[in-house]
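Written below as structure tokens is the structure these notes are about.
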Amino acid sequence: MSTVTEKTAPPRAVPTAPARPRGTARVTHPMWFMAPAFAILLVFFFLPTVFNFVYAFTDWSSFKSAINPVGTANFQELASNGTLLRALRITIVYAVLVAFFQNLFGFLLAVLLERDTLINRIVRICFLVPVLMSALAVGYIFQALLKPDGGVNSLIGHGFDYAWLADPTWTIVTVAVIHAWKWMGLSMLIYLAGLKTIPTDIVEAGRIDGASRWTMFWRIRFPLLAPAITFNVSTALLGSMNGFDIVQATTGGGPARTTEILNIFIYRTFGQGLFAQATTMSLVLFLVVALMAFPVISILRKREEIL
Amino acid sequence: MSDARIWRRLQPYAAVLLAAVLIGIPLWLVVATAGKSRGEALQPNLSAPSHWQLFANIKEVWTEGKIPAAFFGSLLVVVPAVLGVLLVGSMAAWILARRGGRVAAALYALAISGIVLPPAVVTLVLWLRQLGLAGSAIGMIGVYMGIYMSTVIFFVTGFVRTIPASLEEAAQIDGAGPVRVFVRVVLPLLRPVLATATILVCLYVWNDVFYAFFVIGGRIDTLPLNLFRVASAGLYLNNWHLIFSYVIVMTLPLLTVFAIAQRRIISGITSGAVK
Chain A
36 MSTVTEKTAP PRAVPTAPAR PRGTARVTHP MWFMAPAFAI LLVFFFLPTV
86 FNFVYAFTDW SSFKSAINPV GTANFQELAS NGTLLRALRI TIVYAVLVAF
136 FQNLFGFLLA VLLERDTLIN RIVRICFLVP VLMSALAVGY IFQALLKPDG
186 GVNSLIGHGF DYAWLADPTW TIVTVAVIHA WKWMGLSMLI YLAGLKTIPT
236 DIVEAGRIDG ASRWTMFWRI RFPLLAPAIT FNVSTALLGS MNGFDIVQAT
286 TGGGPARTTE ILNIFIYRTF GQGLFAQATT MSLVLFLVVA LMAFPVISIL
336 RKREEIL
Chain B
48 MSDARIWRRL QPYAAVLLAA VLIGIPLWLV VATAGKSRGE ALQPNLSAPS
98 HWQLFANIKE VWTEGKIPAA FFGSLLVVVP AVLGVLLVGS MAAWILARRG
148 GRVAAALYAL AISGIVLPPA VVTLVLWLRQ LGLAGSAIGM IGVYMGIYMS
198 TVIFFVTGFV RTIPASLEEA AQIDGAGPVR VFVRVVLPLL RPVLATATIL
248 VCLYVWNDVF YAFFVIGGRI DTLPLNLFRV ASAGLYLNNW HLIFSYVIVM
298 TLPLLTVFAI AQRRIISGIT SGAVK
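Protein chains in written order, with our numbering: chain A, 36 to 342; chain B, 48 to 322.
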């Protein structure tokens, strides 16, 4: 999931709550205005999450009508046959690879297309087309492109027939690059916005001090991009933990389940009627994302403060 | 400095070349394959079709692939979900931005937690069954609103905080109640941030297949769900010309909206960051 902007540069110094007596706020900004939003959040988001913590400890399945508590049996079963750690490892590796490639591509594109010329504006729009496309469609496009006798191999050279999507070791990297390809346009936009916020007087000062282009870039402009980096890295990392479409449309979790991220596992076991296992993995996903979200965001924030 | 001048000369060529390779080739594959006959498209490659039959193929998926029904299904859930989440989210965001204190801060943290936390999709299905909403458009709309509420509240709250409260106070002094102030004063001011939020939420909801599969799979068809269901079976098996014709049909609506409003969308996304 990526939500853009505000985090990149928190709105500064506008008084958050105008100082006024409490009684007035109750009249002018009544709490009931929030009721519909929180009711929907409660019913469709928070309650299912709470149930996740309940049903992960039951034997809920499509094969019988009764649902009985079974303690931690689901976790033990998934842990003992190695599925739990395996799916978790694949998900985290996938998320880290996506975050890396998406930011690398987005950053390079932003630097390349920084000047506001007509050509650059048109090229930027081209890179936004994959962002608009369905991830499923992107998956099918690359499934076709990356066949052993497909378009990419024929461009590389005659007789080159590497099976990009059937290599148990490297396919996960290929799929992560496809995911990054789809979203790099959005990262590019945020980096472009970040580059624009850099005050010209700082750049001027650097130039007067005789800093080389290289020094200027890495010592002055790159550190000032920290808020954009924070935003891009955390949304790419945590968003791809919850990924599904691209992996499903390219490999379906294969070869030999080496790209089976948690949501693919959930989708597969749910389809088999093993609801308790699917719920257990769903809870694992929730816990891992929740546990990762706080340190990732706070580490990146801290780095911003130092710089 | 001559370094810089060479780069200035080369940069446009580099930019166009990169776009042609990274975006042009995949998109060419889609259009070329969608224009081929079944036999030619069996092994999808980058060659041009020996004769173009793009419209015949689109016509075939349109009728055989039941696109009108799926298109209607998509509209049925996307439009109410997006309008609903924007309205309800903005109402909450306005109060959250304007009221200080610990309660508002805690509620705000709770409201935006959904930006990173993944929805509990499996228990959601069970819960919707108990509510009698499983497989219904209302259930799907509620689920999308629940998932993207955090995004809207996060965006709009940040934006409201940059608007001076004096504009509202003027209306309050004239005796306008909160509903009137919100509808007449606040909502019009929110237009830029709502435009950005609309396009982002539309992007996710229009293209979603994962949540739709769990909530309305088999009951209501949406465009991505339909593509997903049939791409691996029956009509579409190895029929790459039909798959990519479908992709074109499905992508065109969003692409058209984007082409019309691209300047405003891009500035909406970037200006938020500049503030």
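Using N, Cα and C, we set each Cβ at its ideal position, and we do this for glycine too.
| Asked | Found |
| --- | --- |
| Bridge partners - A:Thr-93, DSSP secondary structure assignment | A:Pro-104 |
| N- and C-terminal bounds of the alpha helix (DSSP H) containing A:Ala-179 | 170-180 |
| Three-way DSSP call (helix, strand, coil) for A:Lys-99 in this model | coil |
| Cβ pair count under 8 Å reaching 3, the segment 231-249 of chain A against the segment 157-174 of chain A | no |
| Within chain B, the residues that A:Asp-184 reaches when beta carbons sit closer than 9 Å | Gln-90 and Asn-92 |
| Cutoff 8 Å: B:Pro-96 Cβ touching any chain A Cβ | no |
| Coil, strand or helix - B:Pro-96 by DSSP | coil |
| Chain-ordered neighbours of A:Asp-280 on chain B, where CB pairs are closer than 7 Å | Val-256 and Phe-257 |
| Element boundaries [alpha helix (DSSP H), containing A:Glu-239] | 235-243 |
| B:Trp-141: contacting residues in chain D (beta-carbon distance under 8 Å) | The structure shown contains no chain D; its protein chains are A and B. |
| Cutoff 6 Å; reference A:Leu-259; Cβ partners in own chain excluding five residues on either side | Ile-233 |
| Range of the contiguous alpha helix (DSSP H) that encloses B:Met-196 | 184-207 |
| Contacting positions in the segment 295-308 of chain B - beta carbon closer than 7 Å to chain A | Met-297, Thr-298, Leu-301, Leu-302 and Phe-305 |
| Sequence-distant residues of its chain with Cβ nearer than 6 Å to B:Ala-259 (five each side left out) | Thr-269 and Leu-272 |
| Segment contact, 8 Å Cβ cut-off, at least three pairs: the segment 128-142 of chain A with the segment 217-226 of chain A | yes |
| Partners in chain A for B:Leu-154, counting only beta-carbon separations shorter than 8 Å | Met-69 and Phe-73 |
| C-beta neighbour in chain B for A:Thr-84, strict 8 Å | yes |
| Contact belief for A:Met-275 with A:Ala-134 at Cβ below 8 Å, rounded distance in angstroms | The sequence shown places Ser at residue 275 of chain A, rather than the Met named in the question. That belief holds up - the Cβ atoms of A:Ser-275 and A:Ala-134 are roughly 7 Å apart, short of 8 Å. |
| B:Phe-305 - DSSP class collapsed to helix/strand/coil | helix |
| Secondary structure of B:Gln-90, DSSP reduced to three states | coil |
| Neighbouring residues, chain A, relative to B:Pro-271 (Cβ below 9 Å) | Ser-169, Ala-170, Leu-171, Ala-172 and Asp-280 |
| Cutoff 8 Å: B:Val-168 Cβ touching any chain A Cβ | yes |
| Positions along the segment 186-198 of chain B whose CB lies within less than 9 Å of some CB in chain A | Gly-186, Gly-189, Val-190, Tyr-191, Met-192, Gly-193, Ile-194, Tyr-195, Met-196, Ser-197 and Thr-198 |
| Whole-Å CB distance - B:Leu-93 paired with A:Ser-189, under 8 Å assumed | 7 Å |
| Sub-8 Å separation of A:Met-327 and A:Leu-297 beta-carbons | no |
| Residue of B:Ala-81, B:Lys-106 and B:Gln-309 minimising C-alpha distance to B:Pro-96 | B:Ala-81 |
| Residue nearest to B:Ala-306 in terms of C-alpha spacing, selected from A:Leu-167, A:Val-105 and A:Met-69 | A:Leu-167 |
| Distance between A:Gly-289 and B:Glu-87 (C-alpha atoms, nearest Å) | 27 Å |
| The alpha helix (DSSP H) enclosing B:Leu-123, as first and last residue numbers | 114-145 |
| A:Gly-274: CB within 7 Å of a non-hydrogen atom of the ligand SAM | As presented, the structure is devoid of all ligands, the ligand SAM included, so that no description of it is given. |
| Closer than 8 Å to chain B by CB, A:Arg-248 | yes |
| Minimum Cβ-Cβ distance from A:Pro-258 to chain B less than 8 Å | no |
| A:Pro-234: contacting residues in chain B (beta-carbon distance under 8 Å) | Result: empty, since nearest Cβ-Cβ is about 11 Å, beyond 8 Å. |
| Neighbourhood of B:Tyr-155 by C-beta, 6 Å cutoff - its chain only, sequence neighbours within 5 removed | Leu-143 |
| Cβ of B:Leu-250 within 8 Å of any chain A Cβ | yes |
| Chain A contact residues for B:Gln-219, given Cβ-Cβ distances below 7 Å | Thr-63 |
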